[in-house]
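Chemist:
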Amino acid sequence: MTKAARAKSIYACTECGATATKWQGQCPGCAQWNTMVEAIAEPAARSRHAGVAGASALTPLARIAAREAPRMESGVAELDRALGGGFVSGQVALIGGDPGIGKSTVLLQSLAAMSAARSTLYVTGEESVEQVALRAQRLGVETAAVNLLAETQLERVRAALEREKPEVAVIDSIHTLFSDVLASAPGSVAQVRECAAQLTRLAKAQGTTLVLVGHVTKEGALAGPRVLEHIVDTVLYFEGDPNSSFRLIRAFKNRFGPVNEIGVFAMTEKGLRGVTNPSALFLSHHREAVPGSCIMVTNEGTRPLLVEIQALVDDAHGQTPRRLALGVEQNRLAMLLAALHRHAGVACYDQDVFVNAVGGVRIAEPAADLPVLLAIVSSLRGRPLGEKLVAFGEVGLAGEVRPAPRGQERLREAAKLGFTRALIPKANAPRHAIEGIEIVAVERLADAIAVLR
Ligand code: TYD
Ligand code: MG
């Protein structure tokens, strides 16, 4: 960047866009607190709003030839699945997740596989080139053709990208990059946003597929920048229980494919391995049916998944009984217990209730309601639900059992895995029998509990 073109930094409000030359705690525009972040002051181009003479030409939508963008396989099948079939040229993807979850590992595996046919660049800001080489060695992948760059300064990373024009580049991580123009520390909202925006523009301009690694948890808690999500085409989250070896990559936003598609991996000593039959993962293999366990069929993207929901109901000793949910929504638990009492006559007010989804999986959909309640009733009564039973269904406050999307696929997956009985919402009952599985369709929560006796 030449001296003349060197931009000045200003402070802009993330809420209303008001600017100031100095940092202020309160925005002078909208009076919000702590919304002023550093930004680069763009010298307003004079021609920019010079009049209608320069207005862009319009194109009727029907005249635009729409083509499916050709896919580039990432070399990691489960990653392809999460991406909706692979990368697209010029795509900018953010992959977020807790430290140590396996982001660098999966991307190195992918780059190594892609480097056989494409030019690749791995920019490491967190680890030295030796550390990356060591990991590659450990993974046992062919990395001879992967170009490495240990750099954290944005302008130099840009220069390398412009010079090499790789087809695929990984920035590990966006939080370590910084631009000289901004005074903020690397990893700050201002730096992360500016670096991501500049790299995105560059990637689009030269057709490089860019993968940004971010330390962003789904809650956006760490390092804050949910801001990144708006800049990039695709947001993937890497999830998993640090205590188990299973990892999920979930598409959260995808301009080139479906969202909520997941890739399932197991972390091994030789890196991440794709898991082809994930349903087997999330079931704890009891020798016989035990109380407090209910197998649910959840739906992840286009793939049904069997997950075991466990509940433990025990006499409460404290003033207020405890309600704790892991992997399913905590807030729904109290609501479900109220519905259970009111509409099925099962009281838990003097009981502690703990609910857990086995295998560290997180289930966000309300179809977990019925399985959660069945597991709770089973634990409360000390009676197993019966072997080979699956369930799903949302429970409403009026005590009704509501249908879940893609009921047929769920039932077929359950039948495929040897389950013989399904307790499901009436509206999900299939018109034609599914071989090997008996359907018990209920309309009300009370009916579902009555089935258990
Ligand atoms: P890493 O990819 O460095 O995580 P991130 O980039 O998301 O911070 O993964 C680090 C963890 O993975 C580390 O705890 C060790 C483990 N691991 C394995 O179990 N096997 C392997 O082959 C590799 C490379 C890492
Ligand atoms: Mg890493």
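First residue of the sequence shown? That's 104 in my numbering, and the numbers climb one at a time after it. Every residue gets a Cβ at the ideal spot worked out from N, C-alpha and C, and that includes glycine.
1) In chain order, what residues of the same chain lie with their CB nearer than 8 Å to the CB of C133, ignoring the 5 residues before and after it?
2) Would you kindly work out how many angstroms separate the C-alpha atoms of L313 and Y452, rounded to a whole number?
3) Identify whether L237 lies in helix, strand or coil by the three-state DSSP scheme.
4) Anyone know if the C-beta pair for S482 and A414 falls short of 8 Å?
5) Can you tell me which of the three DSSP states L555 falls into?
6) Compute the beta-carbon to beta-carbon distance between I143 and V284, rounded to the nearest angstrom, for a pair I have assumed lies under 8 Å.
7) With V273 and L251 assumed to form a contact (beta carbons below 8 Å), what rounded beta-carbon distance in angstroms separates them?
8) Out of curiosity, what's the CA-to-CA distance linking M139 and A306?
9) So, for E541: in the same chain, excluding its five sequence neighbours on each side, which residues have a beta-carbon less than 8 Å away from its beta-carbon?
10) How is P269 classed by DSSP in three states: helix, strand or coil?
11) Mind checking A447: buried by the 16 CB within 10 Å criterion, or exposed?
12) Smallest Cα separation from K519: which of G489, A507, V504 and I537?
13) Could you name the residues of the same chain whose beta carbon sits closer than 7 Å to that of N137, not counting the 5 residues immediately before and after it, in chain order?
14) Apply the 10 Å Cβ neighbour rule to V232 and answer buried if 16 or more other Cβ atoms are within range, or exposed otherwise.
15) Going straight from the alpha carbon of V330 to that of R296, what length do you get?
16) On the three-pair Cβ rule with 8 Å, is the region 396-413 touching the region 434-442?
17) Within the continuous beta strand (DSSP E) that includes R358, where are the two ends?
18) Mind checking who R166 pairs with in its DSSP beta bridge?
19) Look at the Cβ atom of G205, then the Cβ atom of L375, and state whether they are nearer than 8 Å.
20) Between which two residues does the beta strand (DSSP E) carrying I479 extend?
21) So K529 is in the alpha helix (DSSP H); what residue range does that whole segment cover?
22) Anyone know if the C-beta pair for Q194 and T371 falls short of 8 Å?
23) Measuring CA to CA, which of R166, A253, A168 and L186 is closest to R174?
24) Based on the DSSP output, what are the partners of F495 in its beta bridges?
25) By DSSP, does I540 sit in helix, in strand, or in coil?
26) What residues match up with M175 in a beta bridge as DSSP calls it?
27) Let me know the beta strand (DSSP E) ranges lying completely inside the region 433-470, each 3 residues or longer, listed in chain order.
28) Quickly, what does DSSP pair D418 with across the bridge? List them, please.
29) Compute the minimum distance between the beta carbon of K111 and the heavy atoms of the ligand MG, and state whether it is under 7 Å.
30) Three-state secondary structure (DSSP) at V367?
31) So what does DSSP say about P407, is it helix, strand or coil?
32) Cβ-heavy atom distance between S231 and the ligand MG below 7 Å?
33) For the ligand MG, any of its heavy atoms closer than 7 Å to the Cβ of D275?
34) Select from G421, S218, A216 and I552 the residue whose C-alpha is nearest the C-alpha of V449.
35) Would you decide whether S159 is buried or exposed? Buried here means 16 or more other CB atoms lie within 10 Å of its CB.
36) Quick check: does the Cβ of K519 come within less than 7 Å of any heavy atom belonging to the ligand TYD?
Modeler: Checking against the coordinates, here is how it stands:
1) Residue mapping note: residue 133 aligns to position 30 of the sequence shown, counting from 1. Closer than 8 Å at Cβ, skipping near neighbours: C116, E118, C119 and A121.
2) As a position in the sequence shown, residue 313 is number 210, starting the count at 1. As a position in the sequence shown, residue 452 is number 349, starting the count at 1. Counting only the Cα atoms, Y452 lies some 53 Å from L313.
3) Counted from its first residue, the sequence shown places residue 237 at position 134. In the structure shown, L237 falls within a helical segment according to DSSP collapsed to helix, strand and coil.
4) Numbered from 1 along the sequence shown, position 379 holds the residue referred to as residue 482. Numbered from 1 along the sequence shown, position 311 holds the residue referred to as residue 414. Contact: yes.
5) For the purposes of this step, residue 555 is taken as residue 452 along the sequence shown, with counting starting at 1. The DSSP-derived three-state label of L555 is helix.
6) Position 40 of the sequence shown, counting from 1, holds the residue named residue 143. Position 181 of the sequence shown, counting from 1, holds the residue named residue 284. At roughly 6 Å, the Cβ-Cβ gap stays under 8 Å, so I143 and V284 are in contact.
7) Residue 273 sits at position 170 when you count from the first residue of the sequence shown. Residue 251 sits at position 148 when you count from the first residue of the sequence shown. For V273 against L251, the beta-carbon gap comes to about 10 Å, at or over 8 Å, which does not count as contact.
8) Translated into positions along the sequence shown, residue 139 becomes position 36. Translated into positions along the sequence shown, residue 306 becomes position 203. Straight-line Cα distance between these residues: approximately 28 Å.
9) As a working mapping, residue 541 is identified with position 438 in the sequence shown. Close CB contacts of E541 within its chain, under the 8 Å cut and outside five residues either way in sequence, are with T523, R524 and A525 (chain order).
10) Sequence index remark: in the sequence shown, residue 269 carries index 166 (1-based). P269: coil per DSSP, three-state reduction.
11) Locating residue 447 in the sequence shown gives position 344, counting from the first residue. Classification of A447: buried, given that the 10 Å Cβ count is 16 or more.
12) Taking the sequence shown and counting its residues from 1, one reaches residue 519 at position 416. When C-alpha distances from K519 are compared across G489, A507, V504 and I537, the shortest belongs to I537.
13) As a position in the sequence shown, residue 137 is number 34, starting the count at 1. Correct list, in chain order: G128.
14) Taking the first residue of the sequence shown as 1, we reach residue 232 at position 129. In summary, V232 is exposed, with fewer than 16 beta-carbon neighbours lying within 10 Å of its beta-carbon over all protein chains present.
15) Locating residue 330 in the sequence shown gives position 227, counting from the first residue. Locating residue 296 in the sequence shown gives position 193, counting from the first residue. The alpha-carbon separation between V330 and R296 amounts to approximately 7 Å.
16) Judged by Cβ distances under 8 Å, the region 396-413 makes no contact with the region 434-442, as fewer than three pairs qualify.
17) Along the sequence shown, read from residue 1 onward, the residue named residue 358 stands at position 255. Segment: none, R358 is in no beta strand (DSSP E) and carries neither H nor E.
18) The sequence position of residue 166 within the sequence shown is 63, counting from 1. R166 is not bridged to any residue.
19) Here residue 205 is taken as the residue at index 102 of the sequence shown, counted from 1. Here residue 375 is taken as the residue at index 272 of the sequence shown, counted from 1. Judged by beta-carbon spacing, L375 lies within the 8 Å limit of G205, meaning their Cβ atoms are closer than that value.
20) For the purposes of this step, residue 479 is taken as the residue at position 376 of the sequence shown. That residue, I479, is in no beta strand (DSSP E); its alpha helix (DSSP H) goes D472 to R484.
21) Along the sequence shown, read from residue 1 onward, the residue named residue 529 stands at position 426. In the DSSP assignment, K529 falls outside any alpha helix (DSSP H), carrying neither H nor E.
22) As a working mapping, residue 194 is identified with position 91 in the sequence shown. As a working mapping, residue 371 is identified with position 268 in the sequence shown. No, the pair does not count as a contact, with Cβ atoms beyond the cut-off.
23) Counting from one through the sequence shown, the residue named residue 174 turns up at place 71. Here the closest residue by C-alpha is L186.
24) Position 392 of the sequence shown, counted from the first residue, corresponds to residue 495. As DSSP reads the structure, F495 sits in no beta bridge.
25) Sequence index remark: in the sequence shown, residue 540 carries index 437 (1-based). Coil at I540, not helix or strand.
26) Counted from its first residue, the sequence shown places residue 175 at position 72. Secondary-structure assignment with DSSP links M175 through a beta bridge to F190.
27) With a minimum length of 3 residues, the continuous beta strand (DSSP E) runs that stay inside the region 433-470 are 454-460.
28) Taking the sequence shown and counting its residues from 1, the one referred to as residue 418 is at position 315. In DSSP, D418 forms a bridge with Q454.
29) For this step, residue 111 is matched to residue 8 along the sequence shown. Of the heavy atoms belonging to the ligand MG, none sits nearer than 7 Å to the Cβ of K111.
30) In the sequence shown, counting from the first residue as 1, residue 367 sits at position 264. Here V367 carries a strand assignment [DSSP, helix/strand/coil].
31) By one-based count along the sequence shown, residue 407 stands at place 304. Correct three-state label for P407: strand.
32) For the purposes of this step, residue 231 is taken as the residue at position 128 of the sequence shown. No, the beta carbon of S231 sits no closer than 7 Å to any heavy atom of the ligand MG.
33) Your numbering for residue 275 matches position 172 in the sequence shown. Relative to the ligand MG, the nearest heavy atom lies less than 7 Å away from the CB of D275.
34) Residue mapping note: residue 449 aligns to position 346 of the sequence shown, counting from 1. That would be I552, whose Cα lies nearest to the Cα of V449.
35) Translated into positions along the sequence shown, residue 159 becomes position 56. Counting every other CB atom within 10 Å of its CB across the protein chains shown gives S159 a total below 16, marking it as exposed.
36) In the sequence shown, counting from the first residue as 1, residue 519 sits at position 416. The ligand TYD never approaches K519 closely enough for any of its heavy atoms to be under 7 Å from the residue's Cβ.
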